[in-house]
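Listed in order, the protein sequences are those of chains A and B.
With the working numbering applied, the first sequence covers 1 to 112.
With the working numbering applied, the second sequence covers 1001 to 1113.
Here a beta-carbon is modelled for each residue, glycine too, at the ideal position from N, C-alpha and C.
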Amino acid sequence: QKEVEQNSGPLSVPEGAIASLNCTYSDRGSQSFFWYRQYSGKSPELIMFIYSNGDKEDGRFTAQLNKASQYVSLLIRDSQPSDSATYLCAVSPSGSARQLTFGSGTQLTVLP
Amino acid sequence: NAGVTQTPKFQVLKTGQSMTLQCAQDMNHNSMYWYRQDPGMGLRLIYYSASEGTTDKGEVPNGYNVSRLNKREFSLRLESAAPSQTSVYFCASSEGLTNQGKYFGPGTRLTVT
Chain A
1 QKEVEQNSGP
11 LSVPEGAIAS
21 LNCTYSDRGS
31 QSFFWYRQYS
41 GKSPELIMFI
51 YSNGDKEDGR
61 FTAQLNKASQ
71 YVSLLIRDSQ
81 PSDSATYLCA
91 VSPSGSARQL
101 TFGSGTQLTV
111 LP
Chain B
1001 NAGVTQTPKF
1011 QVLKTGQSMT
1021 LQCAQDMNHN
1031 SMYWYRQDPG
1041 MGLRLIYYSA
1051 SEGTTDKGEV
1061 PNGYNVSRLN
1071 KREFSLRLES
1081 AAPSQTSVYF
1091 CASSEGLTNQ
1101 GKYFGPGTRL
1111 TVT
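Given below as structure tokens:
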């Protein structure tokens, strides 16, 4: 079982819709959770991080964390074609503040 | 403020050749990292440096060596390249180990034939 799992997609949503990206993790003691956006041929860019259960909002982005169910999600409201990218979930395992474990990413396409 | 820079951007090596990938950051970050990214595998940590003068192995260190030359620079060396090392290599930095928000460089696309 992979430590961090994401649906590889592709996920397609129409412009203006809400895109929902999900990530599950296996280490129940994980402490920190991150979402990165990666455009094709480019490097990952940090867009959100969350440490506590619940929701965290930043502009059009909302990260949701449920430690009991071991999932973290990213909602993108009012999706734009410029949001089309691969979204990487990363988790800091327990006992290892030094390392992040990345999922393989979900490819999102926002259709005009 | 250039952030994290990497050289070269592209490189082709023959099996058995050696090379060093260079990374530098100008954000005064303490921690630096080397990742590789392969299709369907996500990003995997090769080595990291918590602070100047220290280095530690990550998930996939075999076949690589690193040097933290100073606070700004962290290099990755392939002593004898193998086709399995064909990948995109990213350097990253962060303020510290507990702040895991990492800033990535533009990447080096390496092909080993």
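Query raised in the report: For residue 1120 (chain B) versus residue 1048 (chain B), is the C-beta distance shorter than 8 Å?
Result: Residue 1120 (chain B) lies beyond the residue range present for chain B, which begins at 1001 and ends at 1113; the question has no answer from this structure.
**Report entry** Contact between the segment 1006-1014 of chain B and the segment 1033-1041 of chain B (3+ Cβ pairs under 8 Å)
**Finding:** When Cβ pairs closer than 8 Å are counted between the two stretches, the segment 1006-1014 of chain B is seen not to touch the segment 1033-1041 of chain B, the count staying below three.
**Report entry** Buried/exposed call for residue 101 (chain A), threshold 16 Cβ in 10 Å
**Finding:** With 16 or more other Cβ atoms within 10 Å, it is buried.
Requested in this report: Have a look at A:86, A:82 and A:90 and flag the residue whose alpha-carbon is nearest the alpha-carbon of residue 111 (chain A).
Outcome: Ranking A:86, A:82 and A:90 by Cα distance to residue 111 (chain A) puts A:82 first.
Query raised in the report: Does any CB atom of chain A fall closer than 8 Å to the CB of residue 1042 (chain B)?
Result: For residue 1042 (chain B), the answer is yes, since a Cβ of chain A falls inside 8 Å of its Cβ.
Query raised in the report: residue 9 (chain A) and residue 108 (chain A) look like a contact to me (Cβ under 8 Å); what is the Cβ gap, rounded to whole Å?
Result: The beta-carbon distance between residue 9 (chain A) and residue 108 (chain A), rounded to whole angstroms, is 7 Å. This is short enough to meet the 8 Å contact definition.
Query raised in the report: What are the start and end residues of the beta strand (DSSP E) that includes residue 22 (chain A)?
Result: Residue range 19-25 is occupied by the beta strand (DSSP E) that includes residue 22 (chain A).
Requested in this report: For residue 43 (chain A), decide whether its Cβ has a neighbour in chain B, counting only Cβ atoms nearer than 8 Å.
Outcome: Using beta-carbon distances, residue 43 (chain A) counts as an interface residue toward chain B, with a partner under 8 Å.
Report task. Would you mind telling me which residues of chain B sit closer than 9 Å to residue 29 (chain A), beta carbon to beta carbon, in chain order? Result -> Using a Cβ-Cβ cut-off of 9 Å, residue 29 (chain A) is close to nothing in chain B; its nearest Cβ partner there is about 15 Å away.
Query - Supposed contact pair residue 89 (chain A) and residue 31 (chain A) - C-beta distance, whole angstroms, cut 8 Å - result: Not a contact, Cβ separation roughly 14 Å.
Query raised in the report: Nearest chain A C-beta to residue 1057 (chain B) closer than 8 Å, yes or no?
Result: No, residue 1057 (chain B) does not count as interfacial toward chain A.
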